[in-house]
Every structure is written in structure tokens, then in C-alpha cells.
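Following numbering that gives the first Met the number 0, the numbering of the sequence shown begins with 0 at its first residue and continues without gaps. Note sheet for the following structure.
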Amino acid sequence: MRSLLALISCASIVAACSASAETRVFIIANQADGHGVDQCLAKGEKCGAQVARTYCQSRDFAQAAAYRRVDPDEITGSVPKTGANCSHGHCDEYVAITCQR
């Protein structure tokens with residue numbers, strides 16, 4: 000009886016571990032291309048959902064859980080400060096896309 004209880008306990012632990020979804024956040028440059036897609040992502044609007052989902056799927060994730068504009072101050076050390084990445088009055092913006100398996 001104890002071995003059956005131990006087997007059930009182990010099986011439930013394994014099932015719980017495999018059921019947890021892997022999540023990863025990708026930080027990408029929000030490059031204005033004139034199509035408006037970048038603004039959909041940066042503003043978190045519904046029109047960016049398909050773009051975010053496609054981005055995640057291209058990296059072997061099942062879905063995009065979230066997407067939003069990221070302030071460069073939120074990204075430690077990997078993005079130059081605002082003055083360094085601005086040219087001719089145009090500053091780069093960044094978008095975070097959260098993907099799940």
C-alpha cells in the first residue's frame with residue numbers, strides 16, 4: 000500500500016513539473032517601418048497580437064502571452080542610454096514579447 004501511495008505521489012509530481020509552461024521574454028528593437036505594426040506592439044494594442052504570436056512561433060514557442068513597449072532603463076546594460084541611440088531626433092524604442100511553450 001505504501002509503495003502504491005509513493006508511486007502516485009511521484010507520478011503527480013512529474014505531471015505537475017511537465018505541465019508548467021516555459022516562459023521567455025524577448026526584447027527587440029521597435030523599428031518604425033511605416034506599416035504601423037511597430038506601434039501596435041509598442042502600445043499593446045490588439046493589432047499587435049498576431050505579430051507577437053508569429054514572432055513566438057518562429058522561435059518554437061506556442062503563443063505570445065504579452066507584448067509591450069519597454070523603457071531602455073528597464074534593460075540593464077544591454078541597451079545604450081537614450082542619448083547614445085538617438086540620431087537626427089529619432090530614438091530607438093524597444094518591445095518586450097513574452098512567449099510561452
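The beta carbon of each residue, even a glycine, is placed where N, CA and C say it ideally should be.
DSSP places T75 in no beta strand (DSSP E); its state is neither H nor E. Within the model, the alpha-carbon separation for Q56 versus D37 is close to 18 Å. Q99 carries a strand assignment under DSSP once its states are collapsed to helix, strand and coil. Q30: not part of any alpha helix (DSSP H); DSSP gives it neither H nor E.
The bridge partners DSSP lists for Q62 are Q99. Excluding five sequence positions before and after A64, the CB atoms of its chain that fall closer than 8 Å to its own CB belong to T22, T97, C98 and Q99, given in chain order. Cβ neighbours of I26 within its own chain (closer than 7 Å, five residues either side excluded): V69, I74, Y93 and A95.
One Cα belongs to A61, the other to V24, and the distance between them is close to 13 Å.
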